[in-house]
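Last residue of the sequence shown: number 541 in UniProt numbering, and the count goes up by one each step with no gaps.
Below: the structure, in structure tokens.
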Amino acid sequence: MPVSLPNNQVPDCLPDPWADDPLLQQTLAGCDHTQRSRLAAFGQLLAGEEAAGWARDANACAPQLVSHDARGERIDTVRFHPAWHALMALWRREGLHRMPERGNADGFLARGAAFFMAGQLESGALCPTTMTFAAQPLLASSAYGIAWLPGAAADGYDSRDVPWRDKHALVLGMGLTERQGGSDLRGNEARAVASDDGSYRLSGHKWFYSAPMADGHLVLSRQADAHDALSCFLLPRWRRDSTRNGVAITRLKDKVGNRSNASAEVVFDDAEAWPCGEAGRGIRTLIEMATYTRLDCVLGSAALMRGATAQAVHHARCRHAFGRTLAAQPLMQAVLADLALETEAATRLALALAAAFGRADALSLAWRRIVTPAAKFWVCKRAEAVCAEAMEVCGGNGYVETGPLARYFREAPVNSIWEGSGNVMCLDVLRAVRQSPELAEVLLADLAAGVAADKPMRHALGELQRLFALDAELLQARARAVATTLALLVQGVLMRRGAPDARADLFVASRFGEGGALFGALDADAATRTAVCAGLYPERA
Ligand SMILES: Cc1cc2nc3c(=O)[nH]c(=O)nc-3n(C[C@H](O)[C@H](O)[C@H](O)COP(=O)(O)OP(=O)(O)OC[C@H]3O[C@@H](n4cnc5c(N)ncnc54)[C@H](O)[C@@H]3O)c2cc1C
């Protein structure tokens, strides 16, 4: 006999990351109609069952290394589920891989918005997409790389494993990290020796080499004919003579999250490579590229926060316990409102940062150089906490693989680790302030104007200035305090300038006063608590 079981479980939630997000629409209000319509159409696609299936399948069926063919010849190929290719093609079609023109702040903002929307669906395929995006300024400035630019920027996606000259669309990766260290790259040992034809032969290894199927990687290596200084090289997957390049994939990493994406360990055996950027300035060249990937870490982490909080709010609105919905329980309201505020501040920061990348005034340059590492540190860290708390809102269902929360939760820490781990970002804030005091001055002046009417934020700004005056060793020890305070001040000012008063008041009071360490300690009345979620996560009619 079939048994009929009671079931008050919550229906699936497939939010439309454009139509269901008033904050995103408001932030993009100044962009032209075409950009907004495009984002609206993208949102509908992301909210569909098919896209959700791609995200699920690409992660459930992780890429497989096929090192040799049937005859025992090395092929060093990675086989992906078709869902991976569908995601890669979709991100390309939406232009997430394409660098907007310099000076086009709306272009950067629209791309940032699209990236933020995409990150609510799936993060793994965004990794090679980001690297392709970030590589373009470097390709454009290199005699060899310039020929790659049209393919890197092309709209289509070409998954064929053939020489790059035969392809209409190219994917780029980055190879910096060796066993000796990813933060302190000065220990790199890969070595490139010049050939007669202008190319180099590269030997050594990389300990992390994501997207090993990319058409080319920008690799950090010692350059034998430049006193073994570290230089940047473009290393194609195929040699000029159409044979496979000397890159052996030792294994694929078995990662906590980011499972759809392949991250390899590789060994270079006389791999053909071409100089890219100035000889001996490889670290600087690749760190400039990483400024863009760090922007995407901030956008991607804000996306995880938005995706996770949307799931939590939906669950709480549908689920009943103790005689009413969870969303009607005062304590749960406090948790949800706090998650929503944190996500709002992260979203505002991420999108403002994206727009700043498209401007050349002093304040935007200060954002790009000083706020980027602070935001990368803070938003990526907060994403971990938000994803964990949102998971708990969904109870046991949050902890199983049937919804996206488990994937968000596993994904969140990687944004904090790669492209410069947390501490390294905090130290970079100090370095940026030291190297560009004039930009720091512009940034601090803008913050001072923004916090003028807020006593707790004024106090925090004073504390930040006091920290900057510490001697170097002490300051290093307080670098997390510096980056945290700076990021919070930037968020507080953005909230003051853009959010309704009630939300800005709540953010400032909780982040610069009582509460803030754990979600749900907000001091707010019932009307305010519910208004926060209603304003940011409106219920569909
Ligand atoms: C999924 C994944 C994919 C990746 N893909 C790539 C890729 O495609 N290409 C690539 O080049 N790399 C890649 N990486 C590597 C990544 O960039 C490095 O792991 C990261 O930079 C940290 O380097 P590490 O692992 O050697 O740790 P370490 O450099 O040993 O650092 C360990 C810890 O020490 C901290 N630390 C370091 N220096 C200091 C200091 N002076 N003071 C205080 N704390 C400090 C760091 O913040 C970190 O928390 C990937 C990593 C992951 C997880």
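Each residue gets a CB set at the ideal place from its N, CA and C atoms; glycine is no exception.
DSSP, reduced to helix, strand and coil, places Gln9 outside both helices and strands of the structure shown, so it counts as coil.
Under the DSSP assignment, Trp54 falls in the alpha helix (DSSP H) whose first and last residues are Glu49 to Ala60. Distances from the alpha-carbon of Leu230 to those of Pro236, Arg237 and Arg222 put Arg222 closest. At a Cβ-Cβ threshold of 8 Å, Met99 and Met174 do not count as neighbours. The three-state secondary structure of Asp76, taken from DSSP, is strand. The nearest non-hydrogen atom of ligand 1 is less than 7 Å from the C-beta of Leu176.
Judged by DSSP in its simplified three-state form, Lys376 adopts helix. Note that the C-beta distance between Phe268 and Val247 is below 8 Å.
A direct Cα-to-Cα measurement between Val393 and Gln329 gives close to 12 Å. About 13 Å separates the beta carbon of Ala264 from that of Leu235, a gap too long to meet the 8 Å contact definition.
Ranked by Cα distance from Glu73, the options Arg244, Cys533, Gly119 and Phe116 are led by Arg244. Distance from Leu176 to Leu185 at the Cβ level is roughly 6 Å; contact confirmed, criterion being Cβ atoms closer than 8 Å. Straight through space, the alpha carbons of Phe322 and Glu50 are spaced by roughly 36 Å. Counting C-beta pairs closer than 8 Å gives three or more between the region 194-214 and the region 122-133, which meets the contact rule. Ala192 has its alpha-carbon roughly 18 Å from the corresponding atom of Gln180. Within the model, the alpha-carbon separation for Trp148 versus Asn104 is close to 22 Å.
Distance from the C-beta of Ile417 to the nearest heavy atom of ligand 1 is below 7 Å. Taken atom to atom, the span from the alpha-carbon of Glu389 to that of Ile417 is near 20 Å.
Within the same chain, and ignoring the five residues on either side of Leu353 in sequence, the residues whose Cβ sits closer than 7 Å to its Cβ are Leu295, Val298, Trp367, Val371, Thr372 and Ala375.
Not one heavy atom of ligand 1 lies closer than 7 Å to the C-beta of Lys381.
Taking C-alpha positions only, Leu23 is separated from Ala350 by approximately 12 Å. A buried status is given to Pro404, since no fewer than 16 other beta-carbon atoms sit within 10 Å of its beta-carbon.
Gln223 carries a strand assignment under DSSP once its states are collapsed to helix, strand and coil.
The Cβ atoms of Phe115 and Leu138 do not sit closer than 8 Å to each other. Close CB contacts of Asp215 within its chain, under the 6 Å cut and outside five residues either way in sequence, are with Trp164, Leu170, Val171 and Arg237 (chain order). Relative to the non-hydrogen atoms of ligand 1, the Cβ of Tyr292 never comes closer than 7 Å to any of them.
In the three-state reduction of the DSSP assignment, Leu170 falls in the coil class, being assigned neither a helical nor a strand state. According to DSSP, residue pairing for Phe233 in a beta bridge involves Val219 and Pro275. Between the region 340-347 and the region 298-317 there are three or more C-beta pairs closer than 8 Å, enough to call the two in contact.
Shown here, Ala262 sits in coil according to DSSP, grouped into three states, outside any helix or strand.
In the structure shown, Tyr157 adopts coil according to DSSP, grouped into three states. Close CB contacts of Phe409 within its chain, under the 7 Å cut and outside five residues either way in sequence, are with Cys387, Ala388 and Met391 (chain order).
Ala58 sits buried, since 16 or more C-beta atoms from the chains shown fall within 10 Å of its C-beta.
For Leu439, the secondary structure class from DSSP, reduced to helix, strand or coil, is helix. Leu522 places its beta carbon less than 8 Å from that of Ser510.
By the 16-neighbour rule on beta-carbons within 10 angstroms, Thr309 is buried.
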